[in-house]
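Residue numbers (the working numbering): 11 to 143.
The block underneath contains the structure these notes are about, expressed in structure tokens.
Put into structure tokens, the structure is as follows:
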């Protein structure tokens with residue numbers, strides 16, 4: 011049972027770390043280009059607001075990841091991990107989003123991975139703090 015939780019935590023940290031780095035890179039490129047060129051129809055924001063929300067969300071994710079890895083403010087990482095599947099469900103399932111061919115499979119995989127990562131974030135939230143001697 012311990013190995014299962016450890017694997018979930020590692021997966022959660024890797025998934026959200028890579029997601030945050032990807033979102034940070036994409037939004038930083040959009041900000042650097044000077045035009046609100048991001049188009050993520052599954053998210054509720056548009057234009058320059060979308061670019062800023064994605065950029066600052068990615069920064070928040072990286073900061074919360076570093077804090078969780080250092081056993082401080084682990085609840086922030088859990089909140090980020092909870093927000094990802096909520097926004098994915100809202101955007102892909104409960105909105106008028108139209109999938110292009112082959113996109114539904116990727117969206118389902120992304121949603122499933124975010125739910126597994128949420129389980130890992132929950133397990134890191136519930137584990138005791140390591141003792142320092």
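No residue lacks a Cβ here, since even glycine has one placed at the ideal position from N, Cα and C.
Predicted model, so just to flag it, every value in this text is computed and none were measured.
Through-space distance from residue j to residue i, alpha-carbon basis
i           : j           : result
residue 16  : residue 110 : 36 Å
residue 59  : residue 65  : 10 Å
residue 90  : residue 132 : 11 Å
residue 96  : residue 126 : 13 Å
residue 36  : residue 117 : 18 Å
residue 49  : residue 26  : 21 Å
residue 105 : residue 114 : 14 Å
residue 21  : residue 128 : 10 Å
residue 103 : residue 79  : 32 Å
residue 76  : residue 45  : 31 Å
residue 144 : residue 84  : Nothing about residue 144 can be reported from this structure: the residues present for the chain run from 11 to 143 only.
residue 41  : residue 130 : 32 Å
residue 47  : residue 19  : 34 Å
residue 43  : residue 57  : 13 Å
residue 94  : residue 32  : 14 Å
residue 154 : residue 98  : Because the chain spans 11 through 143 in this model, residue 154 falls outside it and cannot be assessed.
Integer-rounded CB distance, given that residue j should sit under 8 Å from residue i
i           : j          : result
residue 62  : residue 74 : Contact flag wrong, Cβ pair sits at about 18 Å.
residue 135 : residue 88 : 5 Å
Member of the options whose CA lies at the smallest distance from the CA of residue i
i           : options             : result
residue 30  : 108, 88, 113 and 72 : 72
residue 100 : 54, 23, 46 and 34   : 54
residue 120 : 135, 28 and 77      : 28
residue 92  : 112, 43 and 124     : 124
residue 7   : 23, 34 and 39       : The first residue shown for the chain is 11 and the last is 143, placing residue 7 beyond what the model contains.
residue 107 : 40, 38, 47 and 51   : 51
residue 38  : 94, 13 and 67       : 67
Cβ of residue i within 8 Å of any chain C Cβ
i           : result
residue 135 : The displayed structure is made up of one protein chain only, and chain C is not part of it.
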